Structure formats: C-alpha cells, structure tokens
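Chains as they are written, first to last, in the working numbering: chain A, 14 to 365; chain B, 14 to 365. Ideal placement from N, C-alpha and C gives every residue a C-beta, glycine not left out. Quick caveat, the model's predicted, so the values are computed rather than measured. Some notes on the structure that comes next.
2 protein chains.
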Amino acid sequence: MNKQPELNERSLTLLKNLVEHYIQDGQPVGSRTLAKDAALSLSPATIRNVMADLEELGLVNSPHTSAGRVPTASGYRLFIDSLLTVDALTDVEVSRLQETLAADTGSRQAVLNRASQMLAELTRMAGVVTLPKRERVDLSHIEFVPLSEQRILVILVTNEQEVHNKIIHTARRFSAAELQQAANFLNARYTGRSLSEVRSAVLQELQKTREQVNQQMLDVVSMAQTAFTDTETDEDDYLLTGETNLMGLSDLADMTQLRALFEAFNQKRTLIHLLDQCLTARGVQIFIGEESGYHPLDGCSLVTAPYALGNQAVGVLGVIGPTRMDYRQVIAYVDVTAKLLSAALNSHEQTP
Amino acid sequence: MNKQPELNERSLTLLKNLVEHYIQDGQPVGSRTLAKDAALSLSPATIRNVMADLEELGLVNSPHTSAGRVPTASGYRLFIDSLLTVDALTDVEVSRLQETLAADTGSRQAVLNRASQMLAELTRMAGVVTLPKRERVDLSHIEFVPLSEQRILVILVTNEQEVHNKIIHTARRFSAAELQQAANFLNARYTGRSLSEVRSAVLQELQKTREQVNQQMLDVVSMAQTAFTDTETDEDDYLLTGETNLMGLSDLADMTQLRALFEAFNQKRTLIHLLDQCLTARGVQIFIGEESGYHPLDGCSLVTAPYALGNQAVGVLGVIGPTRMDYRQVIAYVDVTAKLLSAALNSHEQTP
DNA sequence: CTTAGCACTCTAACTGATAGAGTGCCAATC
DNA sequence: GATTGGCACTCTATCAGTTAGAGTGCTAAG
C-alpha cells in the first residue's frame with residue numbers, strides 16, 4: 014500500500030457536494046450529477062476517478078455495481094468535522110425560540126420538556142433532554158412522619174425546592190416526639206450544607222456518640238444515616254419527545270430496526286449512559302451511525318450539546334434522527350437551544 | 014326488505030369457524046376451507062349461500078370479488094358476545110402468574126407496572142394499567158416547610174403512604190413557629206379523615222373563626238384551604254408497556270396508522286378517558302375497531318377489566334392489539350390478571 | 001492529468017402469461 | 001324447499017422476459 018491517496022481541495026469539495034446532495038435527495042448520487050452543479054467544471058469521468066479514490070479511503074460506498082455513491086459513516090464524519098459550515102440563526106428566529114422556551118409558566122421540568130418538544134418540532138425528529146444532574150445538593154429541610162409500626166416516611170427538601178420521599182424501616186419503634194426531636198436536631202444543625210457533608214458529619218456524630226453510649230441519640234443518628242443514603246441516585250432520566258416523527262422517515266422504514274430503537278427508548282439505561290458521555294464535551298457533539306457502538310442506534314445519528322446551570326454543565330440535550338439528516342440545520346438548532354435553555358434555567362433560578 | 018334472514022344454529026357455527034380461522038391465519042377464508050373442517054359436513058356451495066346471507070347482515074366482508082370472507086366489526090362483536098367460549102386457565106398457570114405479580118418487592122406502582130408487563134408479555138401486544146383512582150383519600154399527615162419569603166412547601170401524606178408536594182404562595186410571611194403550630198393543629202384535628210371532609214371542615218372553621226376575628230387563625234385556615242385544593246387531580250395516568258410489540262404485527266403494518274396510535278399513547282388524555290368508561294363495567298369489556306369512536310384505535314381492539322381495591326373498582330387494566338387477535342386467550346389473561354392484581358393489592362394493603 | 005468513448009452491470013418498471021382461489025348462479029337432486 | 005355439483009367468470013399473485021436508464025470501470029487519446 015505505497016499509494017497513499019491525497020485528499021486535495023478538489024476531492025474534498027466533491028465529497029462535500031456529494032454529501033449535500035445525498036442529504037437532500039436520499040438517492041445515491043452519480044458522477045454526472047456532481048459534474049453538473051459543481052463550480053469546478055469537471056467531466057463525469059474525472060469525477061469517477063476521484064470517487065474511486067474516495068471509495069478506497071472508505072469515505073463513500075456503492076450500494077451496487079451501477080448506482081451512484083453514498084457517504085459512509087467516515088464520510089459523514091469528515092464532512093461534519095472539516096467541510097460543514099454552520100450558519101448562525103437569524104436574531105428573529107432566535108428570539109422567537111426564546112419566547113417559546115421561556116414562556117413564563119411552569120416548573121423546571123416543564124421548561125426542559127418544552128426544550129425537548131422544540132427540538133423535535135424544529136427538526137421533525139426526536140428531541141431528548143436529560144434531567145439535570147444535581148451537582149451540589151443542599152439540605153433545606155428534613156422531616157420524619159411515622160406511618161405504621163416501624164415504617165417511617167422521610168421527607169427531604171433539597172435546594173429550596175426539590176422534594177424527595179423515602180420510606181425506611183427501623184429497628185425499633187419511634188414515638189412522634191422522638192421523631193420530631195430528631196428532625197429538629199438535624200434541621201438546626203445541618204440546614205444549608207450539602208448532602209455529602211451532612212452524610213459524613215452524621216457518620217462522625219455516630220462514632221462520637223457511641224462513646225457516650227447515649228442509646229436514644231444513637232438510634233436517631235443511625236436512622237438519619239439510612240435516610241441520607243441513596244437519595245441522589247434516583248432521577249437519571251430523560252425527556253424524549255417526537256419519537257413518532259421517526260416513523261415514516263423513509264430512512265428508518267425497516268420495522269425491526271425501528272422497533273429496536275423504540276425499545277431502546279423505553280429501556281433508557283443505555284441511552285442515558287451514552288448521553289452522559291456528552292456532558293463533558295464543550296459544545297455540539299455528534300455520533301454518527303454505528304460510532305456510538307450502541308446497536309439500536311445503527312442508522313441513526315445523535316447530535317447533542319450540554320446545557321449549563323450556573324457555570325456548570327449539568328445536562329445534555331439533543332436530537333436523534335436518521336444518519337441522513339440535515340446536519341447544518343440540526344447542529345444550529347441544537348446549539349442555540351442549549352444556549353437558550355441554559356439562559357432560561359439560570360434566569361429562572363434567580364427569580365423563583 | 015321483507016326478507017329478514019334468520020340466524021340459525023348453522024349460520025352461527027359457520028361464522029364462529031370463520032372468525033376462528035381468520036384469527037389464526039389472517040387470510041380471508043373461503044367456502045372450501047370452511048367446508049373441510051366443520052363438523053357439519055356441508056358442500057362449499059351451501060356455505061357460499063350462507064356466506065351471502067352473513068354478508069347481507071354486515072357480519073362478514075369480501076375484500077374483493079374473489080377472495081374469501083373476513084369478519085367485520087359487527088361480526089367480531091357477535092362472535093365475542095355469543096359464540097366465544099373462554100377456557101379458564103389451569104391452576105398451574107394461574108399460580109405462576111400470581112408469583113410473578115406478587116413478587117414481594119416494591120411499591121404499589123411497581124406491582125401495577127408488573128401487571129402491565131405481564132399482560133404485554135402474555136399476549137405479545139400492548140399492556141395498559143391505569144393508576145388507581147383514589148376514591149377515598151385519608152389525611153395521614155400534613156407538614157409546612159418554609160422556603161423563601163412567601164413560598165411554602167406543603168407536604169401532604171395520604172392513605173398512610175402516598176406523598177404529595179405542593180408549593181403555595183401566601184399573602185404574608187409566616188414564621189417557622191407559626192407553620193409548625195398550624196401543622197400541629199391540622200394533624201391533631203383531622204388525621205384519619207378524608208380529604209373532602211377536611212376541606213369542608215376547614216371551610217366551616219374559616220367562617221366560625223371570622224366571627225371571632227382572630228387574625229392569625231384566619232391566616233392559617235385560609236392557607237390550609239389553599240393547601241387542600243386540587244390535590245387529587247394530579248395522577249390521571251396509565252402505565253403502558255410492550256407498545257413496541259405492536260410494531261411488526263402484520264395487521265398494523267401501515268406506518269401512518271401505527272404512528273397515529275403511538276402519538277395517541279403519548280397524548281394519554283383521550284385514551285384515559287376511554288379506559289375510565291370501562292371502570293363501571295362488571296367484568297371484561299371489549300372495544301372492537303372503530304367501536305370506540307376513537308380514531309387512532311381504528312383497526313385495534315381494546316380488552317379491559319376493572320381491578321378492585323377493597324370492594325371498590327379503582328382502576329382498569331387491559332390489552333391493546335390488532336382487531337384480529339386471539340380473543341379467547343386475551344380475555345382469559347385480562348380477566349385473571351385483573352383478579353390477581355386486585356388480590357395482590359389488597360393483601361399488600363393489609364400487611365404493609 | 002484530463003477527457004471521451006465504449007462495454008458492461010444493475011435496477012426499476014412494464015408486459016404478458018399462467019395458476020390458483022373463490023365466487024355467483026343455475027339446474028339437478030334429495 | 002334445502003342442498004349440491006358444475007361451470008363460467010373474476011381477481012390476485014407470481015414468474016419470466018423485455019426495455020430504458022443510470023452509472024461504473026477501463027482504455028486510449030488529447
């Protein structure tokens with residue numbers, strides 16, 4: 014393999030044109046078509062030679078002997094990374110989107126949901142928004158409510174607005190007064206501190222108290238310990254809208270494939286894992302086809318961008334659609350939606 | 014129209030055979046096929062005459078001139094109401110299902126979800142379970158947590174286990190002590206009584222108190238009033254599983270139809286309304302095809318049965334699938350699942 | 001390096017022929 | 001009068017054969 018084909022300007026331009034054509038029509042594009050529209054006037058024959066090179070590099074593909082060429086995953090990748098120019102949206106459009114998103118009503122969840130719907134509607138594909146990771150969880154208030162014999166309902170208010178409920182079973186019965194006392198103790202002592210701080214503080218308390226052999230105190234502390242464990246791990250979830258847009262896109266007409274995709278949407282677990290990987294990326298990130306290594310997404314691409322709360326990226330939003338999608342448009346929409354969502358959440362945070 | 018064709022025994026048997034054949038093969042069934050298997054030995058010609066009668070009555074249908082007959086919605090209806098014999102499941106099967114359902118772990122929601130999954134798995138179609146209507150909602154505990162200036166988090170525990178959160182805005186600022194006092198007052202006075210009782214009692218209190226012109230008390234009561242409104246209307250929802258089973262059923266291969274169906278699943282509102290209608294029915298109820306008057310369900314049937322908590326039917330479960338489904342089997346499964354679910358919920362209730 | 005030309009391949013679409021299934025109707029039969 | 005056998009007719013699915021079009025690969029010439 015001494016022959017290492019160069020990717021000169023011309024080849025790249027041709028690849029770009031090919032991808033753009035294919036994205037528009039969904040048909041394999043032949044040399045004649047490319048010869049016609051390119052600013053560089055070349056004969057079909059020349060183009061065929063270039064195509065042969067591109068095919069050798071694995072950037073394009075022929076479905077059969079005499080059909081035009083189709084970009085491969087690598088072809089899309091090169092196109093997106095080096096050839097694609099994304100136009101910013103007009104100010105008018107941006108502010109229209111902002112209005113939709115920030116329509117003042119609603120909880121944080123409602124805003125996230127609107128973002129997902131907006132993406133789905135704009136792109137006519139599936140929109141997805143992960144729920145924000147609560148990086149710092151501050152204890153606002155804790156309350157114990159006795160249910161039956163040894164069951165106690167723990168109500169945990171964090172970050173001034175999020176409420177968690179948890180039923181715990183205790184070794185012995187606690188009186189209402191005891192519970193009240195325990196809650197008062199914890200509230201007075203730990204309000205405003207982060208949950209992890211509280212957890213370790215309570216643990217220390219446990220050791221200190223053990224020395225003093227105060228049985229009641231020890232009970233309370235060990236109960237609190239139970240209450241604080243695993244409170245954060247609940248909501249690893251996402252909001253998916255417009256999945257049905259994916260039906261009826263000719264690219265995903267394969268029923269079995271579509272079914273696998275929808276089952277994956279229901280499972281959630283693997284997809285959320287994939288989305289989490291996008292959290293650390295700076296801006297828009299794209300998985301093309303099989304790149305994700307996640308089988309149900311074969312034939313699909315995922316375009317994501319993280320959104321922030323404060324200065325910290327806490328969640329990811331994006332669009333799922335067929336590999337043959339209008340990346341230029343989708344990237345622009347995903348990008349601007351992420352920014353608008355960050356803005357909306359932060360302003361919402363300041364004036365609750 | 015003086016000719017009113019009789020539906021004699023023979024015609025009914027033939028209809029029954031026809032429906033059963035069609036359910037199995039999905040192919041229009043012709044006179045010869047019917048002539049072969051029927052216990053009553055008739056020639057195809059005779060059967061053709063009967064078929065002509067059935068067609069005139071709108072019970073069967075020919076897709077085109079020379080194809081066999083297919084049952085219409087009315088045909089299915091007659092079949093289900095008068096001709097179908099449902100075998101009870103074997104004890105072994107029932108107890109196997111019971112084990113799956115009652116696998117001791119989990120909240121009530123988890124049990125409902127397992128029921129839905131069980132239905133989906135058994136029938137290979139979509140299973141649906143509505144969340145129970147809380148007919149009687151008893152106050153177990155109420156708590157007020159001050160958030161910021163005039164925002165108060167109300168935590169309402171009902172029926173010993175269900176927790177509702179609600180943020181209310183108040184006219185003036187309340188101190189933590191005041192809130193504590195208010196909660197104590199309400200808990201002491203109203204625990205164990207139904208929410209609607211509490212609501213009206215509080216209202217009376219409001220009037221009585223107004224005469225005594227005790228401002229603080231009045232504030233508390235009016236706040237409680239706010240807290241108790243609209244607490245019940247939240248969860249009209251259902252658990253749907255196995256929707257993806259519907260893809261790939263040849264009967265629903267039509268993309269646009271399938272898409273409408275899935276969109277309806279997402280909307281939830283109309284479907285829940287339809288399901289609510291089944292709540293009052295005694296046992297298994299069936300909507301065939303367009304009977305529901307609900308367009309996205311065209312071509313689908315809905316088989317439901319209510320389930321009970323105590324002696325009161327509080328929810329509905331069922332199966333959604335193509336009109337051409339094995340009703341005998343599905344009805345048996347839906348029926349037994351409803352009974353098992355009722356049993357599981359009630360035993361769960363008694364030994365929490 | 002580029003281009004024109006040519007042979008070749010593959011697909012999509014149309015055609016016609018055929019077999020099979022099923023009906024409707026009529027006349028014969030029980 | 002109900003039932004049946006026979007026959008003509010209709011509709012569908014399928015297969016093979018044909019054609020047109022698009023596109024490629026290769027080669028030789030500019």
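So that I know if they touch, is there some Cβ in chain B lying closer than 9 Å to that of residue i?
| i | result |
| --- | --- |
| Q279/A | This sequence places Asn at residue 279/A; Gln is not what is there. So, interface residue. |
| T254/A | yes |
| T283/A | no |
| R149/A | no |
| E134/A | no |
| S153/A | yes |
| R272/A | yes |
| V211/A | no |
| N178/A | yes |
With 16 other CB atoms within 10 Å as the buried threshold, where does residue i fall?
| i | result |
| --- | --- |
| P76/A | exposed |
| A195/B | buried |
| L53/A | exposed |
| N30/A | buried |
| R109/B | exposed |
| A186/A | For clarity, residue 186/A is Arg in the given sequence; the question names Ala instead. R186/A is exposed by the Cβ-count criterion. |
| A237/A | buried |
| G205/B | exposed |
| H177/A | buried |
| A351/B | buried |
| H286/B | exposed |
| V343/A | buried |
| H34/B | buried |
I'd like the span of the alpha helix (DSSP H) that includes residue i, first residue to last.
| i | result |
| --- | --- |
| G88/B | A86 to L91 |
| P335/A | Careful: P335/A lies outside any alpha helix (DSSP H), inside the beta strand (DSSP E) at Q325 to P335. |
| L47/A | S44 to D50 |
| L28/A | E22 to D38 |
| L192/B | A189 to Y203 |
| L253/A | From DSSP, L253/A is part of no alpha helix (DSSP H) but of the beta strand (DSSP E) over Y251 to T254. |
| H67/B | Note that residue 67/B is Leu in the sequence shown here, rather than His. It spans P57 to E69 - the alpha helix (DSSP H) in which L67/B sits, taken as one unbroken run. |
May I ask whether a heavy atom of the ligand MN can be found less than 8 Å away from the beta carbon of residue i?
| i | result |
| --- | --- |
| T103/A | Here there are no bound small molecules, and the ligand MN is not part of this structure. |
Which residues bound the beta strand (DSSP E) around residue i?
| i | result |
| --- | --- |
| N178/A | E175 to H182 |
| E156/A | L152 to P159 |
| R164/B | R164 to T171 |
| V316/A | C313 to L322 |
Are the CB atoms of residue j and residue i within a distance shorter than 9 Å?
| i | j | result |
| --- | --- | --- |
| P57/A | L47/A | yes |
| S188/A | N172/A | no |
| G140/A | G312/A | no |
| F157/B | L192/B | yes |
| V42/A | G88/A | no |
| E218/A | V234/A | yes |
| L284/B | P335/B | no |
| A357/B | A115/B | yes |
| L330/B | L132/B | yes |
| F92/A | Y340/A | yes |
| A321/B | V327/B | yes |
| T59/A | V73/A | no |
| T183/B | T239/B | yes |
| T136/A | Y346/A | yes |
When the cut-off is 9 Å and only beta carbons count, does residue i lie next to chain A?
| i | result |
| --- | --- |
| I168/B | yes |
| T257/B | yes |
| A266/B | yes |
| H308/B | no |
| G261/B | yes |
| V124/B | no |
| L160/B | yes |
| V142/B | no |
| F198/B | no |
| E276/B | yes |
| E156/B | yes |
| N62/B | no |
In chain order, which beta strand (DSSP E) runs of at least 3 residues are fully inside the segment 116 to 146 of chain A? 139 to 143
Runs of beta strand (DSSP E) lying entirely within the segment 279 to 309 of chain B, each at least 3 residues, in chain order: 298 to 301
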